[in-house]
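Just so you know, the protein sequences line up as chains A and B, in that order. Numbering-wise, UniProt numbering puts 128 at position 128 of the first sequence, and it's gapless, one number per residue. Numbering-wise, UniProt numbering puts 28 at position 28 of the second sequence, and it's gapless, one number per residue. We treat Cβ as the ideally placed atom computed from N, Cα and C, and that holds for glycine.
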Amino acid sequence: MTTGPGPHTRLAGGLLLWYGVLGGAVAWAAHLLVAWPLDELTCAAGREHVSAVPLWLAVWLAVVIPGVVTVGSLLVATLVWRRTARASSAGAEDRAVDRSRMLAVVGVWANLLFLTIIVLGGVAVLVFPPCQG
Amino acid sequence: MSTTTSTAPGVGRDDLARLAEHWAEPRSLRAWFTTVDHKKIGRRYLVTAAFFFVLAGLSALVMRTQLARPESGVVSPQEYNQIFTMHGTAMIFLFATPMLFGFGNFLVPLMIGSRDMAFPRLNAFGYWVFLFAGLFMWASLPFGAAPNNGWFAYAPLNQVQHNPGLHMDVYALGLLFLGISTTSGAINFIVTALKLRAPGMSLNRVPLFVWAIVATAFMVVFALPALNADNTMLFLDRRFGTHFFDPSGGGNVLLWQHLFWIFGHPDVYIIVLSALGIVSAVLPAFTRRGVVAYSLIVLSIVAIAIISFGVWVHHMFATGLPQLSYSFFSAASTVITIPSGIQIFAWLATMLLGRLVLRVPLLFVIGFIVTFVLGGLTGAMFAVTAFDQQVTDSYFVVAHFHYVLIGGAVFPMLAGIYYWLPKITGRMYHEGLGRWAFWLTFAGMHVTFFPMHLTGLFGMPRRVYTYRSEPGWDGWNLVSTVGSYLLALGLLLVLVGVVHALRRGRPAPADPWEGDSLEWSTASPPEPYNFPVIPRVHSLHPAWDARTAESTTTGATAERVLSDGRRTLFTSELDARTERAVDMPESSFKPLVLAGALLVFFTAMLLAAYPVAVVAALVVAATIAAWLWPPRRPDEELGVAS
């Protein structure tokens, strides 16, 4: 006889799944809402530092941290996808597994997309001085 | 209008009689004004949006006639400004979104196996508000008071010192009024799709059209507040002397653009996404197979919905912001082509792997793919900041967005009209007339808008009232004008085709196309209760699935017949497990009264009749209180607010 996962495990699993699905989207949104205003507002104020941190470094961090979060989300989605694929190929007919697998596929592709956006947008930090008009 | 009905063997005659009695709405004037039936409301959305489309189309013809020759004087500059503003405003706000809401209203409950929308009275209210707001805006044109600042109404030209009169007050109040309809409709779609799906229709069995409508509805809920805030501030600036957009008083003109495009760019996808949903719904019937890569299309829909919120600054690449900050928006604008491309490739693969049945809806889908891809290519060009700065505010932009919006929205809508006409009216359309309509529309569209790429590259600015002949724009403008009349002729033939079908079309069977989704498993047109038995769904293509069909016949159970009242079934959000039956509201005058009171309120605000506005506001409050007053059945559980 097998016992199902406890409520804490189920909650943790559910949260991980949603991190795998939406982590990249949220990270990119945070990246956009931090990096862009940081650059705009600091330059508009005629400064090149944010609280003694050079602006280029602050913007760089606003690219790298969301990038790392998205990579984590991608790994989680991939893991869920592999596990659910294994369960499906073992012949288990469970709608929850089917649904998780579909969400994992969505997560893998979405995270790849959002990682691409963050990287493409972030490359400019290496090329342009922050306040070049 | 004839009706083709079939009696499900799993449901008895008594059940059918009770269902008919509970869901019946008499044919009377009172019933016409009080109906809450989603199918009638959906049809009204379609007809009203088509009416506003005709008005906006006629405005376009006046513009094209004015621009056919250099230094022409068909209309005055003041009239031209009002006509092009009303054309854009009506096409975006009064045609495209409401038309898709019309399709959604008619189809979403049918596709998910429900008997109505989650909030039927709110649905009726949304329609009346849409109608009144549309009339409110169009009625200003004969008085010479229509909006005259472009559909985006940039500051500072929208300020009262630069633009006196009622023009921009009509714009701000009209869009605020209309926003009530759009928001209520969006909330209704979300709840309907999440809570009223037939048992068994888990997330991975939801039709792509429904996915698209739900994503669109979420986008509306998140995007529209920015526009509402913008218009509220505009009205306060103009009428009460605030300085939100006035730099001399500490305001910021760019604030208007930021807020407008935070709404405006997602709005492009609000329009296009639902239309793409129509394409995914039409293709299976005419390729005889399910759409390839269902999960990837769902991903694309969700990804587009999210990314569209992070690209608004690509409309502002010429406003002088630092170049580094452009890169974040340029990247997102470029990458959004990937999910869009995924859908295009999935449809092409579906056509490649399927067996094509070349009927009019499929012709429009093919026309859509050709046109939308061209529009997408120029869209990707705009994502490149350097190119955008060269052609911004030129006719190249006009060409681009007409390719996207006519290709990406109008063609799918036309495909949808021909595809679902038998379901909506119970009549088949005339194939020959439909083919003529397609070819004229397709040719007219490209003859009109392709030359605009060239006039744009030759330097013709958009929004100009007239031009001199020296720059060499006159030949291409004449071609565009000829094309616009061709396009109008094609669209007129669509209308003729619909009228012909209604009057002389042969009766439609329940499923003339062998479609895959649930609406084809019920009568044409559907009975007021939609389904004699709420089906149990077993696959992504329930109408092709024997077990789903069996669930409505020999497998019918009392909990899915629900003939004891005006009831439908609540199911869980993810897996669509049966939760309980819920009562649906009866017909009511309250939606009409509430919308009417709001019309009086907004008209009084426009005319600065503030005491009248206060009275109207009190009527609005009283009607809402009466609407929400608990029904006199405390012992009975009512699952759905209305």
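Residues that residue i contacts on chain B, provided the C-beta gap is smaller than 7 Å
i	result
I65/A	Near I65/A there are no residues of chain B at all, since even the closest Cβ is about 15 Å away, more than 7 Å.
G23/A	What G23/A touches in chain B: nothing, since even the nearest Cβ is about 12 Å away.
D39/A	P322, L324, S325
L32/A	G310, F328
Partners in chain A for residue i, counting only beta-carbon separations shorter than 7 Å
i	result
S295/B	M102, V105, V106
A303/B	A110, L113
Interface flag, residue i vs chain B, CB-CB below 7 Å
i	result
A110/A	yes
T42/A	no
L17/A	no
D98/A	yes
T81/A	What sits at residue 81/A in the sequence shown is Trp, not Thr. Judged by the 7 Å Cβ criterion, W81/A is not in contact with chain B.
A35/A	yes
P5/A	no
A124/A	yes
R95/A	yes
P130/A	yes
Contacts of residue i in chain A (Cβ-Cβ under 9 Å)
i	result
G134/B	Within chain A, no residue comes near G134/B; the closest Cβ sits about 34 Å away, beyond 9 Å.
is_contact[residue i, chain A] using C-beta, thresh 7 Å
i	result
I306/B	yes
A31/B	no
G250/B	no
A346/B	no
L273/B	no
A215/B	no
A96/B	no
A331/B	yes
A641/B	At A641/B the pLDDT is 46, less than 50, meaning the model places this residue with poor confidence; the figure from the coordinates comes in the next sentence. A641/B does not count as touching chain A.
Cutoff 6 Å; reference residue i; Cβ partners in own chain excluding five residues on either side
i	result
A318/B	Q389, T392
T5/B	The predicted model places T5/B with a pLDDT of 48, which falls under 50 and marks its position as unreliable, so this point remains unresolved.
P542/B	L518, T548
T455/B	Y395, W473, W476
L296/B	I342
S197/B	Just to set this straight, residue 197/B is Arg in the shown sequence, not Ser. The residues are I112, T571, A576.
residue 643/B	Since the first residue of chain B shown is 1 and the last is 642, residue 643/B is not available in this structure.
Neighbourhood of residue i by C-beta, 8 Å cutoff - its chain only, sequence neighbours within 5 removed
i	result
A608/B	R239
Y294/B	N204, L208, L540
I118/A	A27, W28, H31, V63, P66, G67, T70
L61/B	S484, Y485, A488
L638/B	Low confidence applies here, because L638/B scores a pLDDT of 49, under 50, leaving its location unreliable; read the following figure in that light. Here the set comprises V582, D583, P631.
D39/A	L55, V59, P130, C131
Cross-chain neighbours of residue i in chain A, by beta carbon under 8 Å
i	result
T334/B	L120
L299/B	V105, V106, W109, A110
I338/B	L113, T116
Other residues of its chain near residue i: CB distance less than 7 Å, five sequence neighbours each side excluded
i	result
A409/B	A96, I271, V272, A275
L599/B	F132, F136
V253/B	A155, P156, F245, P247
P526/B	K39, L110
L493/B	L433, W436, A437, L440
A641/B	Confidence at A641/B is low in this model, with a pLDDT of 46, below 50, so its placement is unreliable and no value can be given for it.
Opposing strand residues paired with residue i [DSSP bridges]
i	result
H49/A	P54/A
D583/B	R567/B
R427/B	P507/B
residue 701/B	Summary: the structure shown does not reach residue 701/B, with chain B confined to residues 1 through 642, and so no result is reported for it.
T242/B	T242/B is not bridged to any residue.
T578/B	T571/B
Interface flag, residue i vs chain D, CB-CB below 7 Å
i	result
G264/B	The question asks about chain D, but that chain is absent: this structure's protein chains are A and B.
Chain-ordered chain B contacts of residue i [CB-CB under 9 Å]
i	result
L75/A	Per Cβ cutoff of 9 Å: no residues; L75/A is ~18 Å from chain B at best.
Neighbouring residues, chain B, relative to residue i (Cβ below 8 Å)
i	result
A29/A	I306, F309, G310
Fill in: Contact residues within the stretch 222 to 246 of chain B, judged by C-beta distance below 8 Å to chain A
Those would be none; no residue qualifies.
Worksheet entry | Interface residues of the stretch 533 to 557 of chain B facing chain A [CB-CB below 8 Å] | none
Practice prompt. Using a Cβ-Cβ cut-off of less than 8 Å, give me the residues of the stretch 568 to 586 of chain B that come near chain A, in sequence order.
Written response: For the stretch 568 to 586 of chain B, the beta-carbon criterion of a distance under 8 Å to any beta-carbon of chain A is satisfied by L574, D575.
Fill in: Contact list for the stretch 136 to 165 of chain B against chain A, Cβ threshold 7 Å
none
Practice prompt. Residues of the stretch 175 to 205 of chain B with a CB closer than 7 Å to any CB of chain A: list them in chain order, please.
Written response: S202, L203, N204
Worksheet item: What residues in the stretch 487 to 513 of chain B bring their beta carbon closer than 7 Å to a beta carbon of chain A?
Response: none
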